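Number of protein chains: 2
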Amino acid sequence: MGVMEMNELLQSCGLKCTKQRLCILEILNSADKPLTAEEIHTLTPGTALSTVYRILDKLLEKNIVIKTTIPLSDGIFYELTANEHKHFAICLACHKLKYIDICPIHNTTVSDFTITGHKLELYGYCRECVK
Amino acid sequence: MGVMEMNELLQSCGLKCTKQRLCILEILNSADKPLTAEEIHTLTPGTALSTVYRILDKLLEKNIVIKTTIPLSDGIFYELTANEHKHFAICLACHKLKYIDICPIHNTTVSDFTITGHKLELYGYCRECVK
DNA sequence: AAGTGAGTTGCGAAAAATTCGCATTTACTG
DNA sequence: CAGTAAATGCGAATTTTTCGCAACTCACTT
Numbered sequence: 001m002g003v004m005e006m007n008e009l010l011q012s013c014g015l016k017c018t019k020q021r022l023c024i025l026e027i028l029n030s031a032d033k034p035l036t037a038e039e040i041h042t043l044t045p046g047t048a049l050s051t052v053y054r055i056l057d058k059l060l061e062k063n064i065v066i067k068t069t070i071p072l073s074d075g076i077f078y079e080l081t082a083n084e085h086k087h088f089a090i091c092l093a094c095h096k097l098k099y100i101d102i103c104p105i106h107n108t109t110v111s112d113f114t115i116t117g118h119k120l121e122l123y124g125y126c127r128e129c130v131k
Numbered sequence: 001m002g003v004m005e006m007n008e009l010l011q012s013c014g015l016k017c018t019k020q021r022l023c024i025l026e027i028l029n030s031a032d033k034p035l036t037a038e039e040i041h042t043l044t045p046g047t048a049l050s051t052v053y054r055i056l057d058k059l060l061e062k063n064i065v066i067k068t069t070i071p072l073s074d075g076i077f078y079e080l081t082a083n084e085h086k087h088f089a090i091c092l093a094c095h096k097l098k099y100i101d102i103c104p105i106h107n108t109t110v111s112d113f114t115i116t117g118h119k120l121e122l123y124g125y126c127r128e129c130v131k
């Protein structure tokens with residue numbers, strides 16, 4: 001996602017396009033894993049922690065980001081809803097995450113429900129820990 | 001899950017079988033949705049809040065419970081890992097949860113990874129809100 | 001380009017959530 | 001049923017998140 005698209009995204013939600021918001025979107029966009037509020041704050045120098053929380057709240061409200069926990073990790077994490085489709089497998093022994101490509105949800109349907117997105121986590125043991 | 005099974009579960013993990021722990025397992029077992037630490041505390045009269053947190057920590061450590069967030073709801077929730085297979089669909093408009101039976105994960109395999117469990121959430125719109 | 005106003009931010013303080021220390025109690029072992 | 005390690009209660013400390021308010025900035029208008 002480029003700056004232009006972020007700009008449009010914010011405007012289409014009725015949110016002003018500030019440099020703090022662009023910065024946080026940028027960070028979430030380039031992250032290869034969900035981040036905590038504290039981590040995001042560290043990566044946005046000059047931005048107040050309370051502002052980070054307020055921006056995240058707005059983005060949550062607009063369904064642009066999603067809040068999540070990671071099994072066996074502490075804290076609350078945020079990630080772009082758009083990135084959410086990067087599913088992952090979590091090793092119960094070493095606690096490492098492994099991103100996976102597969103998506104078994106393709107043709108899934110649920111009665112009386114229109115599916116627009118989903119989240120999948122697999123638990124188990126990585127090759128190293130199985131030994 | 002009956003009291004006997006909970007007893008065995010705790011013992012097999014090397015955890016002492018206290019009435020506080022049984023009470024919390026009981027609560028989680030009969031809950032039809034994930035609960036917050038505060039909710040669990042309210043349902044275990046006479047137990048200190050710090051004890052609730054300590055018990056939940058132990059249960060997390062032993063993979064008996066799982067910590068989770070619920071999209072569009074505030075707070076952190078706990079549920080039995082065993083209950084986790086009750087997948088749900090979340091309406092992005094009215095924020096209601098709908099438990100679903102389907103599980104498209106059946107024969108899924110991932111290279112270099114032994115799958116032992118999973119978690120699936122579907123997002124979208126319920127029949128009411130689609131209108 | 002300067003003017004305007006709603007929405008945003010920074011800062012510190014307040015509130016809420018979680019963890020910790022320590023004295024006391026409890027569950028399991030022999 | 002005595003001994004011991006583990007668990008609990010209580011309150012205080014710490015961490016996380018929210019809030020109030022003055023100052024600032026974006027987007028829109030002349």
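Each protein sequence line maps, in turn, to chains A and B.
Note that the working numbering gives residue 39 to position 39 of the first sequence, counting from 1, and the numbers run on in steps of one.
Note that the working numbering gives residue 111 to position 111 of the second sequence, counting from 1, and the numbers run on in steps of one.
Glycine included, each C-beta is placed from N, C-alpha and C at the ideal position.
Being a predicted model, the structure only gives us computed values, none of them experimental.
Separation of residue j from residue i, as counted between CA atoms
i	j	result
G14/A	R21/A	13 angstroms
P34/A	S73/A	11 angstroms
K131/B	Y125/B	9 angstroms
E26/B	F88/B	22 angstroms
C103/A	I102/B	15 angstroms
K98/A	L92/B	28 angstroms
L59/A	C129/B	21 angstroms
T47/B	K19/B	10 angstroms
V61/A	C94/B	Here the sequence assigns Glu to residue 61/A, which means Val is not the residue at that position. Each residue's Cα considered, the two are about 13 angstroms apart.
N83/B	D32/A	29 angstroms
L56/A	T42/B	30 angstroms
Enclosing beta strand (DSSP E) for residue i [first to last residue]
i	result
V65/B	65 to 68
H118/B	113 to 126
K98/B	97 to 99
L80/A	77 to 80
I90/A	88 to 91
Test item: CB-CB of residue i and residue j under 8 angstroms
i	j	result
T81/B	N63/B	yes
I40/A	I24/A	yes
T116/B	Y123/A	yes
E175/A	K119/B	What is shown of chain A runs 1 to 131, which leaves residue 175/A out entirely.
I76/A	T69/B	yes
R54/B	D112/A	no
C17/B	L28/B	no
Limits of the alpha helix (DSSP H) - the one that residue i falls within
i	result
I40/A	37 to 42
L15/A	Taken as a continuous stretch (DSSP letters only), L15/A belongs to no alpha helix (DSSP H), as it is neither H nor E.
L49/A	49 to 61
Distance between beta carbons of residue j and residue i, contact taken as under 8 angstroms
i	j	result
V52/B	I100/A	Not quite, the Cβ-Cβ distance comes to about 34 angstroms (not below 8 angstroms), so this is no contact.
Legend entry - Contact set between the stretch 105 to 131 of chain A and chain B, restricted to residues whose Cβ is under 7 angstroms from the partner: I105, T108, V110, D112, F113, T114, I115, T116, G117, H118, K119, L120, E121, L122, Y123, G124, Y125, C126, R127, V130
Inset, instruction - With 8 angstroms as the limit, tell me which residues of the stretch 36 to 56 of chain B have their beta carbon closer than that to any beta carbon of chain A; keep them in chain order. - result: none
Legend entry - Interface residues of the stretch 78 to 101 of chain A facing chain B [CB-CB below 7 angstroms]: A89, L92, K98, I100
Legend entry - Short-range partners of chain B found in the stretch 55 to 69 of chain A, where Cβ spacing is below 7 angstroms: N63, I66, K67, T68, T69
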